[in-house]
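One structure below.
Residue numbers (our numbering): 0 to 460.
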């Protein structure tokens, strides 16, 4: 490695060699790609309801067809195999397995995941199911959703049902994907399903999601699972200045979006106990042992750092949370990060921040941090000749290698995403895929980044 290179900076040379046994994969989620929302007994999810409300999705689209993966999964498995990765992270749709959220199990729904897992195993690809990627059954939401403690119990029963069917072939599991986003965007700000506007009153959803995670870990262990993790979203929080007000605002943002979701899982306690216990109405303490069930590895979804300052007359700025503009009145204000290229989503491309994040986690959590897997990392760019995505992946993989060189135990990396898909409230306007999907025909076309990654992985062998 050229010592003059800025850590994480992109290069035109070959990637540095990753450790033996390092796992390479791609990620997707059920509602974003499957379609077939009314087939084979699938129940309705909160996203089926959300997309029906005018103005909730920017282009007015929905996931009824998505990429047609439910019927084209064999074609997609062939694409994964040709790419040369060894693992595929997908999500299981809770309403497809339990149309009413339980207890009735829909055998036809599980049959689909049976077929998918069999196809992956036959292709030599490790199936890595995520049990929950935001698609709460509508019936569960009608009963209070993740604001209610009973949802955690229902989720554990669902996890047990999936493990009972797939556990003979699945040896790696993910409980939840990004509970921070569901809490903030789904319950706090109403910009994602289920579309509630509760502000800080959304925090009980965070607790019940984490409790559901812990109960699901127990259910999976009871079925013999010995490789269980979670996929939490994290990114460095940078204070806009050295002022006390900006430092305090950045600290609160970091607490709510990073530490609130990492520390109960890793340390068995909430950060800033007095504040958090007050926000959660004192319901947390009895559950922390369950939430802190030991994990075999810790999944991190990384996209960008966030620059945060105290709120001012200019409002929160365009950066917002994960590129989504935040409303006024919050005690922090994300600011635009300048001096870096930006994706089509407007997110700053800062590979070195991934190194910073990982070394920071190692320093903060020490031996309480299990091996890390990057469960999502990717970017939105249009076009099949997507050279910006190549530069993004190249830079972030070098930054990841820098973290490994610095002593962080990182065991794998999953690109988001295999396919252009339904990007939640953005609809189909944002393209994260290594494979282009034509919106009219659903034809798959591997992009230049797909071929670049395939060749880069061949060089690792």
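Ideal placement from N, C-alpha and C gives every residue a C-beta, glycine not left out.
Quick caveat: nothing in here was measured; it's all calculated off a predicted structure.
Secondary structure note for residue 226: it is in no beta strand (DSSP E), with a DSSP letter that is neither H nor E. Spanning the alpha carbons of residue 199 and residue 307 requires a straight line of approximately 18 Å. The residues 377, 378, 379, 415, 416, 419, 420, 422, in chain order, have a CB closer than 8 Å to that of residue 431 in the same chain once the five nearest residues on each side in sequence are set aside. Take the alpha-carbon of residue 355 and the one of residue 110: they are about 42 Å apart. Apart from sequence neighbours up to five positions away, the residues of its chain that approach residue 342 with a beta-carbon distance below 8 Å are 348, 378, 379, 380, 387, 391, ordered along the chain. Counting C-beta atoms within 10 angstroms of its own C-beta, residue 383 has fewer than 16 neighbours from the protein chains shown and is therefore classed as exposed. Within 10 angstroms of the beta-carbon of residue 275 lie 16 or more other beta-carbons, which makes it buried. For secondary structure counted as the alpha helix (DSSP H) over 4 or more consecutive residues, the stretch 347 to 408 holds these complete runs in sequence order: 351 to 364, 386 to 404.
Judged by their CB atoms, residue 42 and residue 98 are nearer to each other than the 8 Å cut-off. For the set 219, 459, 394, 259, the Cα lying nearest the Cα of residue 129 is the one of 219.
C-alpha of residue 155 to C-alpha of residue 214: approximately 5 Å in a straight line.
For residue 90, no alpha helix (DSSP H) encloses it; the enclosing beta strand (DSSP E) starts and ends at 86 to 90. Less than 8 Å separates the beta-carbon of residue 298 from that of residue 372. Every alpha helix (DSSP H) stretch that sits fully inside the stretch 125 to 168 and reaches 4 residues is listed by chain position as 137 to 141, 149 to 165.
A direct Cα-Cα distance of roughly 14 Å separates residue 26 from residue 231. Annotation for residue 256: 179 place their beta carbon closer than 6 Å to its own, counting only its chain and skipping 5 residues before and after.
By the CB criterion at 8 Å, residue 398 and residue 351 fall inside the cutoff. In terms of CA proximity to residue 412, 87 leads the group 58, 87, 56. Counting the other CB atoms within 10 Å of its CB gives residue 221 a total below 16, which places it among the exposed residues.
With fewer than 16 neighbouring CB atoms inside 10 Å of its own CB, residue 240 falls in the exposed class. Under the DSSP assignment, residue 171 falls outside any beta strand (DSSP E); it carries neither an H nor an E label. Under the criterion of beta carbons closer than 8 Å, residue 208 and residue 182 qualify as touching, at roughly 7 Å. Scanning the stretch 193 to 248 from its first residue to its last, the whole beta strand (DSSP E) runs of 3-plus residues come out as 227 to 232, 236 to 238. When the alpha-carbon of residue 353 is set against those of 407, 449, 367, 252, the nearest one is in 407. Under DSSP, residue 299 takes part in a beta bridge, and its partners are 231, 373.
The three-state secondary structure of residue 73, taken from DSSP, is helix. In this structure, residue 157 sits away from residue 92, with a CB-CB distance that is not shorter than 8 Å. DSSP places residue 333 within a strand segment (E or B) once states are collapsed to three. In its chain, beyond the 5 residues on either side, 58, 60, 421, 438 have a beta carbon closer than 7 Å to the beta carbon of residue 427. No residue range can be given for residue 327, since it is assigned to no alpha helix (DSSP H) and is classified by DSSP as neither H nor E. Taking residue 32 as reference, the option from 20, 62, 54, 455 with the minimal CA-CA separation is 62. Residue 68 carries a helical assignment under DSSP once its states are collapsed to helix, strand and coil.
In the three-state reduction of the DSSP assignment, residue 191 falls in the coil class, being assigned neither a helical nor a strand state. Residue state for residue 22 is assigned as strand, using DSSP reduced to three classes.
Annotation: the continuous alpha helix (DSSP H) that includes residue 116 extends over 106 to 121. For residue 435, no alpha helix (DSSP H) run applies; the uninterrupted beta strand (DSSP E) run containing it begins and ends at 434 to 436, by DSSP.
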